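Under numbering that gives the first Met the number 0, the residue at position 330 of the sequence shown is numbered 329, and the numbers go up by one with no gaps. Beta carbons: idealized from backbone N, C-alpha and C, even for Gly. All values reported here derive from a predicted model rather than from experimental measurement. Heads up, the thing below is written out as structure tokens.
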Amino acid sequence: MTLDLQTLEDTAHEMVAEGKGILAADESNATMTKRLEAVGVESSDETRLRFRELLFTTPEAEEHISGVILYDETIRQATSDGTPIPEFLASRGMIPGIKVDTGAKPLAGAEDEKVTEGLDGLRERLAEYHELGARFAKWRGVIAIGEDRPSRTCISANAHALARYAALCQEAGIVPIVEPEVLMDGDHSIDSSEAATRATLHAVFGELLEQRVALEGIVLKPNMVLSGTDCSDQAGVDEVAERTLALLRQVVPAAVPGIAFLSGGQSDERASAHLNALNALGPAPWELSFSYGRALQAAPLGAWGGEESNADQTQAAFAHRARCNGEARFGRYTDELEQALAA
Ligand code: 13P
């Protein structure tokens with residue numbers, strides 16, 4: 000089958016369009032249940048849909064949100080007026096996307112390390128998701144830092160799976176978000192984060208080429224180079240931005256249209272400040288964007304708390320975070336903007 004490379008490239012460019020980024024709203028039911036219960040909301044298909052519908056229907060969300068990653072449950076649901084979610088998003092100018100991995104499972108022979116599964120039957124699932132309206136997909140590999148970790152075994156197994164997934168996506172006319180996440184959990188230094196991220200991205204791009212993935216038709220979703228959460232010596236915003244950009248310049252080919260960072264457990268403000276500093280460093284070969292889950296949703300989820308009467312505050316909180324990150328794409332995120340709640 001010949002690739003429709005032009006369509007893939009067009010979609011990839013739209014995903015990382017200026018001033019915009021991606022909302023990752025693709026939590027599995029288990030993860031979403033944890034997030035809802037943390038704010039006192041019982042998790043059901045209805046509550047999961049209601050919260051997400053509030054995000055998707057936020058006035059002018061499309062100004063800063065180019066696309067939304069959905070979970071299998073949500074791509075089959077409809078808004079309150081009966082419009083299928085993917086159709087609704089597309090009508091608002093937000094590209095529907097879908098998470099297609101089936102989760103990170105223990106990797107045989109590598110203690111405390113994981114490999115992401117989901118390749119079996121993926122061709123057929125992608126065809127169905129395309130039919131349902133998805134134009135991009137996501138697959139997340141997870142790499143942990145610790146004693147003797149990450150192992151080459153773990154890095155190569157995850158890189159291989161990411162590349163096999165990416166090739167199948169492109170065959171289906173779907174842009175793959177390639178997400179190898181080096182976790183920030185732990186007391187490791189920023190040096191360790193840099194080394195693990197370098198080894199991971201080297202392996203990922205090697206495998207992408209091996210599997211004949213067209214780099215012009217992917218979006219890379221990496222972690223930033225950060226000090227471990229429990230490290231006593233926390234790198235500042237400028238150091239994070241400089242080291243992240245320097246590394247990416249060394250390992251990410253210029254053919255890739257865009258890099259959309261994950262937030263990975265950073266605070267909302269840090270995620271915006273780091274993105275801002277990265278963009279302020281000047282022209283890069285690729286767009287430097289965001290594909291945040293927690294850093295876009297934590298504030299609105301807290302504002303909502305399951306109460307319909309909080310709908311306006313929920314949407315205002317989401318609009319605010321989307322705007323902060325949208326402005327960070329131009330290097331225009333400031334303390335004043337952070338303090339000014341969206342009108
Ligand atoms: P976070 O921004 O919360 O890390 O989520 C992004 C994501 O999609 C992880 O797979």
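- Scanning its chain for C-beta atoms nearer than 8 Å, with the 5 sequence neighbours on each side dropped, one finds around Gly257 the residues Ala11, His12, Met14, Val15, Val218, Leu219, Trp285, Glu286, Leu287, Ser288, in chain order.
- Secondary structure of Thr1 (DSSP, three-state): coil.
- Remark: the C-beta of Arg293 is in contact range of ligand 1, defined as less than 7 Å to any heavy atom.
- Taking the C-beta atoms as reference points, Leu167 is found nearer than 8 Å to Arg122.
- In the DSSP assignment, Leu244 falls within the alpha helix (DSSP H) that extends over 236–250.
- Taking 8 Å as the cut-off, the Cβ atoms of Pro179 and Leu208 do not count as close.
- By the neighbour-count criterion, in which a residue is buried when 16 or more other Cβ atoms sit within 10 angstroms of its Cβ, Pro175 is buried.
- Secondary structure of Ile189 (DSSP, three-state): helix.
- For Leu261, the Cβ falls inside the 7 Å cut-off from some heavy atom of ligand 1.
- Of the heavy atoms belonging to ligand 1, none sits nearer than 7 Å to the Cβ of Asp111.
- Relative to ligand 1, the beta carbon of Ser266 is positioned no closer than 7 Å to any heavy atom.
- Here Gln169 is near Ala213, since their CB atoms are less than 8 Å apart.
- As for any alpha helix (DSSP H) of minimum length 4 sitting wholly inside the segment 253–319, the runs are 267–279, 293–303, ordered along the chain.
- Take Leu336, set aside five residues on each side of it, and the residues of its chain with a beta-carbon closer than 8 Å to its own are Arg322, Cys323, Glu326, in chain order.
- Residues of the same chain with a CB within less than 8 Å of the CB of Ala253, apart from the 5 flanking positions on each side, are Pro284, Trp285 in chain order.
- When secondary structure is reduced to three states using DSSP, Phe50 falls in the helix class.
- As DSSP reads the structure, Leu22 sits in a beta bridge with Val67, Tyr291.
- By the beta-carbon neighbour count (other beta carbons within 10 angstroms, threshold 16), Lys137 is buried.
- Between Ala126 and Ala89, the CB-CB gap reaches or exceeds 8 Å.
- Ranked by Cα distance from Leu2, the options Phe317, Glu215, Arg34 are led by Glu215.
- According to the DSSP assignment, Ala136 belongs to no alpha helix (DSSP H) but to the beta strand (DSSP E) extending over 135–142.
- It is roughly 39 Å from the alpha-carbon of Ala245 to the alpha-carbon of Trp303.
- Between the alpha carbons of Gln233 and Thr30 lies a distance of about 28 Å.
- The beta carbons of Met93 and Glu62 sit no closer together than 8 Å.
- Short note on Asp25: C-beta closer than 7 Å to some heavy atom of ligand 1.
- Going by beta carbons, Gly120 and Gly96 fall outside the 8 Å limit.
- Using a 10 angstroms sphere on the CB of Pro221, the tally of other CB atoms reaches 16 or more, which defines it as buried.
- For the pair Leu54 and Phe317, the Cα-to-Cα distance works out to about 7 Å.
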